[in-house]
Amino acid sequence: NAGVTQTPKFQVLKTGQSMTLQCAQDMNHEYMSWYRQDPGMGLRLIHYSVGAGITDQGEVPNGYNVSRSTTEDFPLRLLSAAPSQTSVYFCASSLNRGLGTGELFFGEGSRLTVL
Amino acid sequence: TQLLEQSPQFLSIQEGENLTVYCNSSSVFSSLQWYRQEPGEGPVLLVTVVTGGEVKKLKRLTFQFGDARKDSSLHITAAQPGDTGLYLCAGVPNNNDMRFGAGTRLTVKP
Numbered sequence: 575n576a577g578v579t580q581t582p583k584f585q586v587l588k589t590g591q592s593m594t595l596q597c598a599q600d601m602n603h604e605y606m607s608w609y610r611q612d613p614g615m616g617l618r619l620i621h622y623s624v625g626a627g628i629t630d631q632g633e634v635p636n637g638y639n640v641s642r643s644t645t646e647d648f649p650l651r652l653l654s655a656a657p658s659q660t661s662v663y664f665c666a667s668s669l670n671r672g673l674g675t676g677e678l679f680f681g682e683g684s685r686l687t688v689l
Numbered sequence: 006t007q008l009l010e011q012s013p014q015f016l017s018i019q020e021g022e023n024l025t026v027y028c029n030s031s032s033v034f035s036s037l038q039w040y041r042q043e044p045g046e047g048p049v050l051l052v053t054v055v056t057g058g059e060v061k062k063l064k065r066l067t068f069q070f071g072d073a074r075k076d077s078s079l080h081i082t083a084a085q086p087g088d089t090g091l092y093l094c095a096g097v098p099n100n101n102d103m104r105f106g107a108g109t110r111l112t113v114k115p
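Protein sequence lines correspond, in order, to chains A and B.
Residue numbers for the first sequence follow this note's numbering, beginning at 575 and rising by one.
Residue numbers for the second sequence follow this note's numbering, beginning at 6 and rising by one.
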């Protein structure tokens, strides 16, 4: 069972470059989300989706775009990378649309460095 | 400021000691969750508490949800090196928007 798969695991970008972090889950979960994790700040929600075709902003959405064309995939796009986007990014999914009691399943993370 | 404040931020203890870490907020939550994260991996759910005053036990780990549903604690009895990791609390203050605390980084020395 693959669970939540993120690619790439490591990436180095120059300021202004664009890239896409890929996330796929094979558990037929409706809810998917992207978090960034920075030292001393915990996990902060970037964008989330409650189903195919539906996305919404989280706590720190600026500089990131998402789309949800299928249940399985939820890519995160950085259109013009900035050093402030250096972080570890986690994709997560959950069976329950109404969170709080549902378990979030996380990928292994993607470490991004922007020079 | 964090919606969920966790303390202490760092904790280093010897194997066999007991410890308690805390998760506090000024907001009321319908439920709170605790996750553990090991280096290079994503967080993994330990427990969900949903009722004010609820106590849940998971082997040597005891989780408590405050009566007012604004805080939670995690107590570990006789800590082992395998308990080393980052402990995160999380909750949903509004619909579909789960928030995490900054975590407590626990190191248990053999």
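Note that the Cβ used here is the ideal one computed from N, Cα and C, for glycine as well.
query	result
Closer than 7 Å: Tyr-27(B) CB and nearest the ligand ZN heavy atom	No copy of the ligand ZN appears in this structure; indeed no ligand is present at all.
Any C-beta of chain A under 8 Å from that of Phe-70(B)	no
Start-to-end residues for the beta strand (DSSP E) that takes in Ser-78(B)	76-81
Residue of Glu-59(B), Val-54(B), Leu-79(B) minimising C-alpha distance to Asn-23(B)	Leu-79(B)
Residues, ordered as in the chain, of the segment 20-51 of chain B that lie near chain A by beta-carbon distance below 9 Å	Phe-34, Ser-35, Ser-36, Leu-37, Gln-38, Tyr-40, Gln-42, Gly-45, Glu-46, Gly-47, Pro-48, Val-49, Leu-50
Closest by C-alpha distance to Gln-580(A), when choosing among Trp-608(A), Thr-589(A), Glu-633(A)	Trp-608(A)
Unbroken beta strand (DSSP E) run spanning Arg-685(A), endpoints	684-688
Residue-chain proximity (Ala-73(B), chain A), Cβ-Cβ < 8 Å	no
Rounded straight-line distance, which links the Cα of Gly-108(B) to that of Val-578(A)	22 Å
DSSP bridge partner residues for Ile-620(A) (one or two, in chain order)	Paired residue(s): none; Ile-620(A) is not in a bridge.
Candidates Cys-597(A), Gln-585(A), Pro-582(A), Leu-587(A), of which the one nearest Asp-647(A) by Cα	Cys-597(A)
Identified DSSP bridge partners for Ala-666(A)	Ser-607(A), Phe-680(A)
Residues from the segment 81-111 of chain B in contact with chain E, defined by Cβ distance under 8 Å	Annotation note: the requested chain E is absent from the structure, which comprises protein chains A and B.
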